[in-house]
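Visitor: Take a look at the following structure, please.
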Amino acid sequence: MDENENSSKESAKVVLYYSLPLRKLASTVVSLPLTALVVCFISAVLFQFDDVHETHFYEDELSHIFVSQFTALHENLFIVFMICSLLYMLVMLRVYRLAYPSMTSAQTYSFYTKLVLFVTSILATIGLVVFWFKHRRHCLDMAFSWFAICEYVIALSNMAYHMTVALDFPSEHLLIANGFSSSFLTSNHISQHVKHD
1 MDENENSSKE
11 SAKVVLYYSL
21 PLRKLASTVV
31 SLPLTALVVC
41 FISAVLFQFD
51 DVHETHFYED
61 ELSHIFVSQF
71 TALHENLFIV
81 FMICSLLYML
91 VMLRVYRLAY
101 PSMTSAQTYS
111 FYTKLVLFVT
121 SILATIGLVV
131 FWFKHRRHCL
141 DMAFSWFAIC
151 EYVIALSNMA
161 YHMTVALDFP
171 SEHLLIANGF
181 SSSFLTSNHI
191 SQHVKHD
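Using full-length UniProt numbering, read the sequence shown as starting at 1 and increasing by one per residue.
Here's what the structure looks like:
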């Protein structure tokens, strides 16, 4: 028997249990923190309306890590998160540019969407720092509210950035199947762009 006949017999044994479009997976995963953010915001407005509109906050209520007890930890963890988040976005933009030196219109749209979201995160981070200093050092009215708005913009930009995976893989699926053998995966049934171990 030649290789094509073996491959045909093996492919006949493949059973596909589930196929999940990556676009749907990305939408579902990103909707979880987005839904949590919206629910928290709405419940705060509905059940703590007076507290939401206060401009002077009791610091222990600002975070689950009590700021008065763990100020350095709280600030340092947030700084590490922001640096990692922004570096990730920047590295992905560079990798995207290297992976697709001549982009299709869909890839160009995805790249510039990522770029806009990265710049939005940078600008919101600058605003975050400015309003943090105004709140902590000068106790200016509404400084903490503007700080919080910058945090919301960063969170939404981060979620939207991750959602762009749906633009990068518009027709790909995550498969749960049985019957794939290593010879099937290395045969002509699989695109040559896929690298196997």
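For each residue, glycine too, the CB sits at the ideal point set by N, CA and C. Computed from a predicted model, the values in this text were never measured in an experiment.
#1: Closer than 8 angstroms is the cut-off here; do at least three beta carbon pairs connect the region 141-149 with the region 109-120?
#2: Provide the residue(s) that pair with histidine 173 in DSSP beta bridges, ordered along the chain.
#3: Grouping DSSP H, G and I as helix and E and B as strand, with all else coil, what is valine 14?
#4: Going straight from the alpha carbon of cysteine 139 to that of serine 145, what length do you get?
#5: Around the C-beta of threonine 164, are 16 or more other C-beta atoms found within 10 angstroms, so that it is buried, or is it exposed?
#6: Please name the residue in Phe180, Thr113, Phe169 whose C-alpha comes closest to that of arginine 23.
#7: Below 6 angstroms CB to CB, which residues in the same chain sit around valine 194 once its five sequence neighbours on both sides are set aside?
#8: In whole angstroms, what separates the C-alpha of glycine 179 from that of tyrosine 17?
#9: Identify the continuous alpha helix (DSSP H) that holds glutamine 107 and give its terminal residues.
#10: Measuring straight from C-alpha to C-alpha, what distance separates serine 19 and histidine 173?
#11: What's the call for serine 43, buried or exposed, on a 16-neighbour Cβ count within 10 Å?
#12: Where DSSP assigns a beta bridge to asparagine 178, which residues make up the other side?
#13: Going straight from the alpha carbon of leucine 128 to that of leucine 98, what length do you get?
#14: Looking at the secondary structure, which residues open and close the alpha helix (DSSP H) in which aspartate 168 lies?
#15: According to DSSP, is phenylalanine 81 part of a helix, a strand, or is it coil?
#16: Taking valine 119 as the reference, which of Asn158, Pro101, Ala143, Glu75 has the closest Cα?
#17: If you count every other CB in all the chains shown that lies within 10 Å of the CB of threonine 125, and 16 or more means buried, which is it?
#18: According to DSSP, simplified to helix, strand and coil, what is phenylalanine 70?
Guide: In this structure, then:
#1: no
#2: Pro21
#3: coil
#4: 12 angstroms
#5: buried
#6: Phe169
#7: Model confidence at valine 194 stands at a pLDDT of 45, short of 50, so the residue's coordinates are unreliable; what they give is reported in the following sentence. Counting only Cβ-Cβ distances below 6 angstroms, and skipping sequence neighbours, we find nothing.
#8: 11 angstroms
#9: 105-138
#10: 6 angstroms
#11: exposed
#12: Val15
#13: 31 angstroms
#14: 165-168
#15: helix
#16: Asn158
#17: buried
#18: coil
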